[in-house]
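Undergrad:
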Amino acid sequence: MSDDKFRVSRRDMLRGAGVAAALGALAPGARAEPPGKGANGLTRVGPGATRIELSINGKAHLLEVEPRVTLLDALRDRLELTGSKRVCDRGACGACTVHLDGRPVNSCTMLAIDAEGCKVRTIEGLEGPDGLHPVQAAFLKHDALQCGFCTPGMVMSCAALVETVKSPTDAQIRRAVSGNLCRCGTYGHVFAACKEAAR
Amino acid sequence: MSELRLGFPGNEKRVDAPDVKDSPAPWDLATDLAVVGKAHPRLDGALKVTGRAKYSYDIRFPGMIYAKMLRSPHASAIVRKLDISKAKALPGVVYSEGAAGARIRHAGQEVCGLAAESEEILDDALALVEVEYEVLDHAATLDMAMAEGAAKVLDDGPNVRGGRAPGNLEAVAKAHAEADVVVAQEYRTQVQTHSCLETHGCVCKWEGGKLTVWASTQATFAIQSSMAQALRIPAADILVITEHMGGGFGSKFGISSWDAFCARAARETKRPCRLMLDRREEHLVAGNRPDSIQRCKFSAKRDGTLCGAAVEAFGTAGNGGGAGVFNPGIYAFKAASQSASDVLTHAGGARAFRAPSHPQGVFALEGMMDELADAIGMDPLAFRKRNDRHPVRLAQYDVGAKEIGWERRVKSGSAKGPVKRGLGMASTRWGHNARPGDAVNCRIGRDGSVLFSNGSQDIGTGTRTVIAVIGAEELGLPVARVSVRLGHTSDPYGHGSGGSVTAPSIAPVVRHAAWLAKRELLANVAAADGGDAGKMDLRGGKVTGASRDLTFEQACAMMTKDAIEAQGQGRAEFFGLPRFSGEVAGVQFAEVEVDTEMGAVRVVKVVAVQDCGLVVDPLLARSQISGGVIQGISYALFEDRILDRATGNMVNPNLLDYKVLGAADMPEIVSIAFSVANGISPTGVSSLGEPPTVPTAGAIGNAVANAIGARVRSLPITPDKVLAALGVLS
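Chains A and B supply the protein sequences, listed in that same order.
Count the first sequence with numbering that gives the first Met the number 0 and you get residues 0 to 198, in order.
Count the second sequence with numbering that gives the first Met the number 0 and you get residues 0 to 729, in order.
1. Expressed to the nearest angstrom, what Euclidean distance is found between the alpha-carbon atoms of B:C555 and B:P435?
2. Verify the CB distance criterion: does B:H243 have a CB-CB separation below 9 Å to chain A?
3. Is there at least one Cβ from chain A nearer than 9 Å to B:Y56's Cβ?
4. List the residues of chain A whose Cβ lies closer than 8 Å to the Cβ of B:L665, in chain order.
5. What residues match up with B:N453 in a beta bridge as DSSP calls it?
6. Give the range of the beta strand (DSSP E) segment to which B:Y56 is assigned.
7. Hey, is B:L5 close to the ligand PLP, as in C-beta under 8 Å from one of its heavy atoms?
8. Assuming B:H345 and B:A74 make a contact with CB atoms under 8 Å, what is their CB distance in whole Å?
9. If we ignore side chains and look at the alpha-carbon of each, how far apart do B:R731 and B:D27 end up?
10. Are three or more beta carbon pairs between the stretch 578 to 588 of chain B and the stretch 690 to 703 of chain B nearer than 8 Å?
11. Name the residues in the stretch 172 to 201 of chain B whose C-beta lies less than 9 Å from a C-beta of chain A; which are they?
12. May I ask you to list, following chain order, the residues of the stretch 134 to 165 of chain A that have a beta carbon less than 7 Å from some beta carbon of chain B?
13. Beta strand (DSSP E) containing A:R52: first to last residue?
14. With a CB to CB cut of under 6 Å and the five nearest residues on each side skipped, what residues in its chain are close to A:E32?
15. Thinking C-alpha only, which one of B:V128, B:A76 and B:I58 is nearest B:A88?
16. Name, in chain order, the residues that DSSP records as bridge partners for B:V92.
17. Of all the beta strand (DSSP E) runs that stay within the bounds of the stretch 331 to 359 of chain B, which reach a length of 3 or more residues?
18. According to DSSP, is B:D719 part of a helix, a strand, or is it coil?
19. Would you tell me roughly how many angstroms separate the C-alpha atoms of B:R518 and B:V449, rounded to the nearest one?
20. Does B:L725 come out as helix, strand or coil in the three-state DSSP assignment?
21. Thinking B:V182 and B:G421 are a contact (beta carbons under 8 Å), I'd like their distance in whole angstroms, please.
22. I'd like the span of the beta strand (DSSP E) that includes B:A599, first residue to last.
23. Using CA atoms only, rank isn't needed, just tell me which of B:Y56, B:L655, B:S255 and B:S504 is closest to B:M68.
24. Classify B:F60 as buried or exposed, calling it buried when 16 or more other Cβ atoms lie within 10 Å of its own Cβ.
25. Between B:R41, B:S225, B:D387 and B:I641, which has its C-alpha nearest A:D142's C-alpha?
26. Taking the alpha carbon of B:S194 as the point to measure from, which residue in A:L180, A:Y186 and A:H188 has its own alpha carbon closest?
27. Apart from the five residues on each side of it in sequence, which residues of its chain come closer than 6 Å, Cβ to Cβ, to A:A111?
28. Determine the DSSP secondary structure at B:V650, reduced to helix, strand or coil.
29. With distances taken from CA atoms, which of B:V202, B:A339, B:G249 and B:L305 is nearest B:D179?
30. Assess contact between the stretch 362 to 370 of chain B and the stretch 314 to 329 of chain B, defined as three or more Cβ pairs (one per stretch) separated by less than 8 Å. Is contact present?
31. Going by C-alpha distance, which of B:D664, B:L642 and B:V703 is nearest B:L283?
32. Which chain A residues are close to B:D155, counting only those with a beta carbon under 8 Å from its beta carbon?
33. Looking only at C-alpha atoms, which of B:E370, B:V614 and B:R273 sits nearest to B:G303?
34. Please compile the residues from chain B whose C-beta is within a distance smaller than 9 Å of the C-beta of A:G82.
35. Short of 8 Å Cβ to Cβ, which residues in the stretch 353 to 375 of chain B face chain A?
36. From B:A235 to B:C261, what does the alpha carbon distance come to, in whole angstroms?
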């Protein structure tokens with residue numbers, strides 16, 4: 000992680016820390032202020048586009064994004080990786096779940112510039128050389144999907160669990176997908192699929 | 000005439016069915032099916048689990064622009080001034096529409112529309128629009144709109160508008176007079192939003208005066224015809240594509256105003272345009288299930304005979320009508336009546352929602368059934384069995400009771416300790432909604448490839464897979480050998496997915512298309528190889544009844560042209576076969592745990608026994624059943640569109656505060672697909688999408704009352720209402 004830039008995640012903004020400074024930098028009228036050293040000695044980026052390098056599914060991608068662009072929107076709109084879905088856009092539903100250094104995160108509640116220096120894995124990067132990831136195969140077998148819009152996020156949450164915990168308990172499986180909403184009602188089959196994939 | 004064996008093991012009847020010309024013999028209990036009824040993973044499953052499935056929200060083009068509507072923050076107002084000039088001056092803003100003068104009748108109503116080169120610019124531009132509203136009094140909620148002196152929603156009449164007039168009042172009064180007990184209670188249900196995970200919207204792209212629309216819809220042909228009407232261009236110049244869609248539940252039929260705006264923005268700028276609602280808009284303007292007040296008066300005799308039922312219902316569909324409830328019904332009342340009124344409010348309009356009018360009506364109906372059973376001291380299950388005439392449900396009661404362990408049910412309120420368990424049950428019904436009019440093409444290539452195509456959509460129920468399974472059965476092939484293309488209106492017509500019509504309507508047409516193609520193929524075989532085509536069939540990947548062993552591929556190689564194509568059509572006579580029962584039947588049993596100190600309700604287990612007609616694929620059937628139950632639990636305990644009475648704004652227009660059931664709330668669900676040879680059509684496939692969500696809230700409401708000995712007659716059953724019912728809170 001390079002920590003020489005002044006960065007604010009959307010979650011930090013919601014918490015209220017540094018809200019005034021962050022909002023000032025993001026407001027449309029504040030474009031006049033050029034990037035440079037802030038009072039605290041950190042590099043200020045934005046509000047215009049800034050160049051970043053993201054490591055996604057093992058490949059490096061150079062892109063120019065405004066600091067306010069979320070990782071999700073960068074993936075979907077700039078890199079055509081549309082498997083991660085935008086549903087609630089505030090970290091309530093998990094449809095945008097990706098792995099950040101192996102950890103499942105909501106890509107809608109983090110900024111693309113904050114993903115620099117991390118290894119991002121999306122649903123598009125889950126398949127191995129032999130085909131479907133065990134979680135994906137188990138989802139098919141148990142019909143753990145209907146309309147399929149929550150499915151990439153569900154799969155990513157389950158994959159993070161089975162790759163880090165050997166033989167997870169039912170409670171661990173539930174907790175792993177407790178941030179993933181499904182409107183069609185596939186939860187029971189998701190639990191069964193995750194359990195089978197973890198074997 | 001041919002004899003059909005209909006029903007289910009234990010209740011079979013033989014009926015004479017008229018022969019339908021040019022049609023395969025109907026499947027019934029005696030038919031040995033090789034593919035149908037086996038577990039087949041859904042055809043589009045691999046695309047969906049890998050993220051490769053492209054939904055409308057995922058469609059991207061170089062140079063694509065983004066569109067969005069500015070929406071009123073006021074529930075009732077007049078737009079006095081509208082100044083878009085600053086927004087239009089922002090670099091990257093490419094299109095706008097809007098004028099002052101609009102009368103606003105709900106928070107979230109559109110004021111103007113903008114399109115820009117990126118979503119970020121669009122957000123900036125929307126903030127630069129200047130609007131001056133004259134804010135007027137509003138009546139956003141049902142109670143506000145019914146109150147004396149309420150602000151009028153429409154100028155041309157009162158807010159409370161009589162829908163259906165009550166009938167049969169005298170007969171009901173007579174039935175009440177003959178009864179031993181009469182119970183009168185008021186039940187209420189809330190407004191529920193569809194909360195489709197993929198929001199409403201589309202991507203529009205013009206080429207040479209023709210429009211392609213990638214729409215998130217459950218009715219591709221309705222999008223085509225309504226867009227044609229809105230733009231005043233021929234429907235033939237519009238192609239609608241919906242390969243995958245992220246949930247509709249009744250809210251995604253024809254276009255909405257914003258879709259037409261998107262098409263105009265694309266046309267005027269000559270650039271592809273995307274407009275997908277954000278989550279807040281989805282709650283405000285994309286439909287909802289109306290709420291209800293149901294004043295019920297039901298009666299029965301001490302021996303358990305139902306007498307009369309009268310229901311006076313009010314509900315709000317927002318600015319529109321159609322807020323009825325399905326209550327009374329299901330059971331054999333001697334006399335029943337209902338009056339239903341629509342109440343106009345300054346709130347977003349309703350749209351059809353999975354089993355419209357049913358979950359709300361059945362919550363009250365089944366609550367009243369339990370209240371009557373309590374009043375005469377009869378077991379609620381025995382009471383229902385005594386008053387139910389449906390041959391399928393009468394069998395399902397015993398299956399469900401055994402699975403939940405109904406004998407464990409104690410007298411209401413007698414459970415010990417602060418955390419009490421209770422059992423409850425409720426029933427469901429739906430129509431066998433199979434409709435003529437679909438068309439399906441079946442093309443068999445000389446190389447043995449098979450493609451079924453239809454222009455309708457798969458809304459997550461598994462229509463693609465249903466088509467493949469039915470087609471594979473008729474062609475004697477494994478499912479993996481069959482391809483299906485759905486969701487392009489350039490293909491043959493298919494109904495919108497509403498009323499659970501899709502599978503029952505399309506299945507016999509798929510079968511017919513396959514049967515016609517098969518006959519032509521076998522005629523080619525007979526011409527090339529000798530033998531009697533009329534005695535040949537396709538089974539297990541081979542031609543049976545031929546003069547020698549022939550595989551399907553060898554038969555296809557004998558084709559006299561490159562491909563055989565046949566179109567199956569949903570002729571009316573395909574749907575005129577005798578029926579085993581008049582309605583789809585189902586029962587559900589719920590076990591709950593209620594914390595009487597905190598008021599929290601936890602659903603422990605739900606058993607759903609659902610009449611599925613012919614089970615095409617048990618994996619899909621089970622998903623439909625448990626999915627319906629889950630939506631039903633969510634409706635019973637959590638979901639509620641809450642409007643601020645002061646401003647008429649929704650206070651929870653997101654997925655954090657509008658609570659939808661999540662993994663942590665999941666009970667054990669036992670989904671029992673109850674297969675019934677129903678007749679109906681040559682396949683016997685019936686309606687399954689909607690009925691499983693109907694009785695869940697009723698069963699949970701009854702289980703809560705059984706646990707705590709007090710009844711919550713209002714949805715959702717939240718802790719405050721439980722504590723109030725217990726007398727802990729007032």
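Where a beta carbon is used, it is the ideal one built from N, C-alpha and C, also for glycine.
None of the values given here were measured: they were computed from a predicted structure.
TA: On the basis of the supplied data:
1. For the purposes of this step, residue 555 of chain B is taken as residue 556 along the second sequence, with counting starting at 1. For the purposes of this step, residue 435 of chain B is taken as residue 436 along the second sequence, with counting starting at 1. Cα to Cα, B:C555 sits roughly 31 Å from B:P435.
2. Here residue 243 of chain B refers to the residue found at position 244 when the second sequence is read from its first residue. At least one chain A Cβ lies under 9 Å of B:H243.
3. Residue 56 of chain B sits at position 57 when you count from the first residue of the second sequence. So yes, B:Y56 belongs to the interface.
4. Within the second sequence, numbered from 1, the residue matching residue 665 of chain B stands at position 666. For the record, residue 665 of chain B in the displayed sequence is Met; it is not Leu. By Cβ distance, chain A contributes R173, Y186, G187 and F190.
5. What you label residue 453 of chain B is simply residue 454 of the second sequence in a count that begins at 1. The partner list for B:N453 (beta bridge, DSSP) reads B:L485.
6. Here residue 56 of chain B corresponds to residue number 57 of the second sequence, with the count starting at 1. Careful: B:Y56 lies outside any beta strand (DSSP E) and carries neither H nor E.
7. As for the ligand PLP, it is missing from this structure, which has no ligand bound.
8. If you number the second sequence from 1, residue 345 of chain B lands on position 346. If you number the second sequence from 1, residue 74 of chain B lands on position 75. Between B:A74 and B:H345 the Cβ distance is about 4 Å, and since that is below 8 Å, they are a contact.
9. What is shown of chain B runs 0 to 729, which leaves residue 731 of chain B out entirely.
10. yes
11. H193, S194, C195, L196, E197 and T198
12. Q135, F138, L139, K140, D142, L144, Q145, C146, G147, F148, C149, T150, P151 and V154
13. Along the first sequence, one-based indexing puts residue 52 of chain A at 53. Here residue 52 of chain A is Glu; the residue named in the question, Arg, does not match the sequence. A:E52 -> beta strand (DSSP E) spans T49 to I55.
14. To locate residue 32 of chain A, count along the first sequence from 1; it is residue 33. Since pLDDT at A:E32 reaches only 46, below the 50 mark, its modelled position is unreliable, and the value read off the structure follows with that caveat. Nothing listed; no residue qualifies.
15. If you number the second sequence from 1, residue 88 of chain B lands on position 89. Of B:V128, B:A76 and B:I58, the residue nearest in Cα terms is B:V128.
16. Residue 92 of chain B sits at position 93 when you count from the first residue of the second sequence. For B:V92, which the question treats as bridged, DSSP gives the partners B:A115.
17. 334 to 342
18. Taking the first residue of the second sequence as 1, we reach residue 719 of chain B at position 720. Helix at B:D719.
19. Residue mapping note: residue 518 of chain B aligns to position 519 of the second sequence, counting from 1. Residue mapping note: residue 449 of chain B aligns to position 450 of the second sequence, counting from 1. When rounded, the distance between both Cα atoms is 15 Å.
20. Position 726 of the second sequence, counting from 1, holds the residue named residue 725 of chain B. B:L725 falls in the coil class under three-state DSSP.
21. Residue numbering aside, residue 182 of chain B sits at position 183 when the second sequence is read from its first letter. Residue numbering aside, residue 421 of chain B sits at position 422 when the second sequence is read from its first letter. In fact, because the Cβ distance is near 20 Å, the residues do not count as touching under 8 Å.
22. Residue 599 of chain B sits at position 600 when you count from the first residue of the second sequence. That residue, B:A599, is in no beta strand (DSSP E); it is neither H nor E in DSSP.
23. Along the second sequence, read from residue 1 onward, the residue named residue 68 of chain B stands at position 69. For B:M68, the nearest C-alpha among the options comes from B:S255.
24. Counted from its first residue, the second sequence places residue 60 of chain B at position 61. Exposed.
25. The residue given as residue 142 of chain A occupies position 143 in the first sequence. Residue B:R41 is the option with its Cα nearest to A:D142.
26. The sequence position of residue 194 of chain B within the second sequence is 195, counting from 1. With distances taken between Cα atoms, B:S194 lies closest to A:L180.
27. In the first sequence, residue 111 of chain A corresponds to position 112, counting from 1. So the qualifying residues of the chain are V64, V68, L70 and A73.
28. Within the second sequence, numbered from 1, the residue matching residue 650 of chain B stands at position 651. Looking at B:V650 - three-state DSSP - the assignment turns out to be coil, as it is neither helix nor strand.
29. Within the second sequence, numbered from 1, the residue matching residue 179 of chain B stands at position 180. The residue with the shortest Cα to Cα distance from B:D179 is B:L305.
30. yes
31. One-based indexing of the second sequence puts residue 283 of chain B at position 284. Comparing Cα-Cα distances from B:L283 to each of B:D664, B:L642 and B:V703, the minimum goes to B:L642.
32. On the second sequence, residue 155 of chain B is found 156 positions in, with the first residue counted as 1. Neighbours of B:D155 on chain A: none; closest Cβ ~37 Å, over 8 Å.
33. In the second sequence, counting from the first residue as 1, residue 303 of chain B sits at position 304. Among B:E370, B:V614 and B:R273, the Cα nearest to that of B:G303 is on B:E370.
34. By 1-based counting over the first sequence, the position of residue 82 of chain A is 83. Under the 9 Å cutoff, chain B gives T49, G50, R51, A52 and D57.
35. none
36. Counting from 1 along the second sequence, the entry for residue 235 of chain B is found at position 236. Counting from 1 along the second sequence, the entry for residue 261 of chain B is found at position 262. So the two alpha carbons sit approximately 19 Å from each other.
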